[in-house]
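Report on the structure given below.
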Amino acid sequence: MSSAVILLHPDDNVVVCRRTVIAGERISIEGSMDVIASTSVEIGHKLARFALPQFSKVIKYGAPIGSMTRAAEPGDWIHLHNMKSDYMSAHTRAVIGDEP
Amino acid sequence: MIANGYLRSDGRKGIRNVLIVTYLVECAHHVARRIVELSADSQVHLVGFPGCYPNDYALRMMKALTTHPNVGGVLLLSLGCEGFNREDLAKHVAGSGRGIDTVVIQQSGGTRSAIEHGLAAVKRIKSQMDDAAVRTPFYFSDLVVGTICGGSDGTSGITANPAVGRAFDRLVAAGATCIFEETGEMIGCEGPMGERATTPEIAVAIRASIAKAESYYRAMGFGSFAPGNAEGGLSSQEEKSAGAYVKSGHMPIVGVIKPAEIPPSPGLYLLDIVPDGVPKFGFPNISDNAEIVELMACGAHVTLFTTGRGSVVGSAIAPVIKVTGNPDTYRRMSEDMDVDAGRVLEGLADLDQVADEIVELVKIVATGAETKSEELGHREFILTYKTFEPSGPSCFPR
Chain A
1 MSSAVILLHP
11 DDNVVVCRRT
21 VIAGERISIE
31 GSMDVIASTS
41 VEIGHKLARF
51 ALPQFSKVIK
61 YGAPIGSMTR
71 AAEPGDWIHL
81 HNMKSDYMSA
91 HTRAVIGDEP
Chain B
1001 MIANGYLRSD
1011 GRKGIRNVLI
1021 VTYLVECAHH
1031 VARRIVELSA
1041 DSQVHLVGFP
1051 GCYPNDYALR
1061 MMKALTTHPN
1071 VGGVLLLSLG
1081 CEGFNREDLA
1091 KHVAGSGRGI
1101 DTVVIQQSGG
1111 TRSAIEHGLA
1121 AVKRIKSQMD
1131 DAAVRTPFYF
1141 SDLVVGTICG
1151 GSDGTSGITA
1161 NPAVGRAFDR
1171 LVAAGATCIF
1181 EETGEMIGCE
1191 GPMGERATTP
1201 EIAVAIRASI
1211 AKAESYYRAM
1221 GFGSFAPGNA
1231 EGGLSSQEEK
1241 SAGAYVKSGH
1251 MPIVGVIKPA
1261 EIPPSPGLYL
1271 LDIVPDGVPK
1281 FGFPNISDNA
1291 EIVELMACGA
1301 HVTLFTTGRG
1311 SVVGSAIAPV
1321 IKVTGNPDTY
1331 RRMSEDMDVD
1341 AGRVLEGLAD
1351 LDQVADEIVE
1361 LVKIVATGAE
1371 TKSEELGHRE
1381 FILTYKTFEP
1391 SGPSCFPR
């Protein structure tokens, strides 16, 4: 229970923060190499476990939850700025009305 | 036996004995609200339908809600000229043996006299309800529990939702009826969900309900995904779906029902909340309470509400138990939260311990103990227009 993150499924390429992690913090992940958090990331958000190329699937719960819109390095925050749904667009207050 | 229930004429049992003051058009809302306020009784609740145009779904929903097992009496508030069929509704309630009265504001002579008439009627119905109350042992087999999530974040799908799923497993095993819904938030989960169906027909109904949800939400232009979901770390509809789906636990799915359809026997049901036909009246459920209202119309005595960001709502008619999966939210809003599933993230509890705690709380609430939202006076209610075709026989257990 000492790790700052949870690996939900062995196939996942992202991990979920159990608490807020700080930029530069070394994160140990069950069953794989440590990563360094490249930015501070809040509880419940995701970090890349491996390098994720553009267009690759993001895997969480052992299932695809979207695709990378740009590449990410291990320890990068994975969210709307670098991934998107394969089903329908997510919206935030900033982008309401901007979506097609 | 888990509690001392209220026996109703249809054989169902309530865990509360509430009088609902029901406005049948927005024009009667103020008078209805004043009657509830001046009654100053925590067991007199306000519900209503705002529209003037008639709607079969709204009438069906109101018939189901006014005869909900937690409801012992009903006061209808009509302006007088609206489209809602108040006579049909009143006849339905009277047929159930409940105390019922109707105040028509235009016939009462205006606001003040309608409030006076309404207050007198509340007093009369209340004393009738208290005299007529039949107390009877309430078992798990009498219990209907619903679940929804609201204000989900990246913690919901790994703490609160799987804990509720395990609580559902325990409740179904004990003989209760459990209902999960939010088909718009199950998009992408239809494959594994169909495999849990007890008959091939139910599997077809499950997959059809999710396909309908996807095309409906696509037409609306937005999925069931709020800005707060993204702020809480969820990045896509399918990520939210995977987290929402685990609320259903692991039991077989014995039926697919629609709002205001009562599960005919215990077990786990999927509630299909997306309207049938071409999109007509807008978003399926415009906010969390619309979902709670539909669960209640299917007979839910209590709703397990999981939240990451921190919802504060409760409900008229049936108590809401709020389970937060986010330990920071629990600390910030503990006065609103009944269960802290965030302890799972902190290593202070496991999912089974939280599930046991939820089941215990359901039992305690069934005995009459108030949830946090009941204590705080939350009695939210919302009902809007929809269109549904009745479910066919193949959607129910054989």
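Order-wise, the sequence lines are chains A and B. Residue 7 in my numbering sits at position 7 of the first sequence, and the numbers go up by one each step. Residue 1142 in my numbering sits at position 142 of the second sequence, and the numbers go up by one each step. Cβ atoms here follow ideal geometry from the backbone N, Cα and C, with glycine treated the same way. Just so it is clear, the structure is predicted and the values come from calculations on it, not from any experiment.
Residue i (DSSP reduced to helix, strand or coil)
i          : result
Phe1381(B) : coil
Phe55(A)   : coil
Lys60(A)   : strand
Phe1168(B) : helix
Arg1060(B) : helix
Ile1321(B) : strand
Phe1138(B) : strand
Asp1352(B) : helix
Ile1286(B) : coil
Leu997(B)  : Since the first and last residues shown for chain B are 1001 and 1398, residue 997(B) lies out of range.
Lys1247(B) : helix
Ile78(A)   : strand
Lys1280(B) : coil
Ile1187(B) : coil
Leu1079(B) : coil
Gly1014(B) : strand
Lys1386(B) : coil
Leu1345(B) : coil
Ile1105(B) : helix
Ala48(A)   : strand
Val1254(B) : strand
Neighbour flag for residue i against chain B, beta carbons, 7 Å
i         : result
Ser104(A) : With chain A covering only 1 through 100, there is no way to say anything about residue 104(A).
Ile65(A)  : yes
Val16(A)  : yes
Residue i - partner residues in DSSP beta bridges
i          : result
Thr1045(B) : Looking at the sequence itself, residue 1045(B) is His, so the reference to Thr does not match. His1045(B) is bridged to Ile1020(B).
Thr1177(B) : Val1144(B) and Gly1267(B)
Ser32(A)   : Ile29(A)
Pro1259(B) : Answer is none; Pro1259(B) lacks a bridge partner.
Ser67(A)   : Lys57(A) and Lys84(A)
Cys17(A)   : Val5(A)
Thr39(A)   : Thr39(A) is not bridged to any residue.
Phe1305(B) : Ile1148(B) and Lys1322(B)
Ile1100(B) : Val1074(B)
Lys1123(B) : According to DSSP, Lys1123(B) bridges with nothing at all.
Val1339(B) : Val1323(B)
Lys1091(B) : For Lys1091(B), which the question treats as bridged, DSSP gives no partner whatsoever.
Leu1038(B) : For Leu1038(B), which the question treats as bridged, DSSP gives no partner whatsoever.
Straight-line gap, residue i to residue j (C-alpha atoms, nearest Å)
i          : j          : result
Asp959(B)  : Val1093(B) : What is shown of chain B runs 1001 to 1398, which leaves residue 959(B) out entirely.
Thr1066(B) : Ser32(A)   : 57 Å
Gly24(A)   : Ile43(A)   : 16 Å
Gly1249(B) : Cys1178(B) : 10 Å
Val1044(B) : Asn1070(B) : 12 Å
Ile1035(B) : Cys1027(B) : 14 Å
Tyr1057(B) : Leu7(A)    : 44 Å
Gly1080(B) : Pro64(A)   : 54 Å
Glu30(A)   : Val5(A)    : 9 Å
Phe1225(B) : Val1164(B) : 21 Å
Ser3(A)    : Leu1361(B) : 31 Å
Tyr1330(B) : Val1323(B) : 9 Å
Cys1189(B) : Leu1348(B) : 30 Å
Thr1183(B) : Ala1244(B) : 10 Å
Ala1208(B) : Ile1202(B) : 10 Å
Ile59(A)   : Leu47(A)   : 12 Å
Ile27(A)   : Asp11(A)   : 18 Å
Asn13(A)   : Val1204(B) : 33 Å
Ser1315(B) : Gln1107(B) : 31 Å
Gly1157(B) : Met1337(B) : 17 Å
Val1320(B) : Gly1014(B) : 15 Å
Per-residue contacts from residue i into chain B (C-beta, under 7 Å)
i        : result
Gly44(A) : Asp1153, Gly1154, Thr1155, Gly1232, Gly1233, Gly1308 and Asn1326
Min CB distance residue i to chain A below 7 Å
i          : result
Ile1187(B) : yes
Glu1239(B) : yes
Leu1345(B) : yes
His1378(B) : no
Where residue i meets chain B, residues with beta-carbon distance less than 9 Å
i        : result
Ile78(A) : Ser1235
Contact set between residue i and chain A, taken where Cβ atoms lie within less than 8 Å
i          : result
Ala1242(B) : Lys60, Tyr61, Ala63 and Ile65
Arg1218(B) : Met88
Interface partners of residue i on chain B, CB under 8 Å
i       : result
Leu7(A) : What Leu7(A) touches in chain B: nothing, since even the nearest Cβ is about 11 Å away.
Listed by chain order, chain A residues near residue i by CB distance under 7 Å
i          : result
Ile1158(B) : Ile6, Leu8 and Val16
7 Å Cβ cutoff, residue i in contact with chain C
i          : result
Ser1315(B) : The chain inventory of the structure shown lacks chain C, comprising the protein chains A and B.
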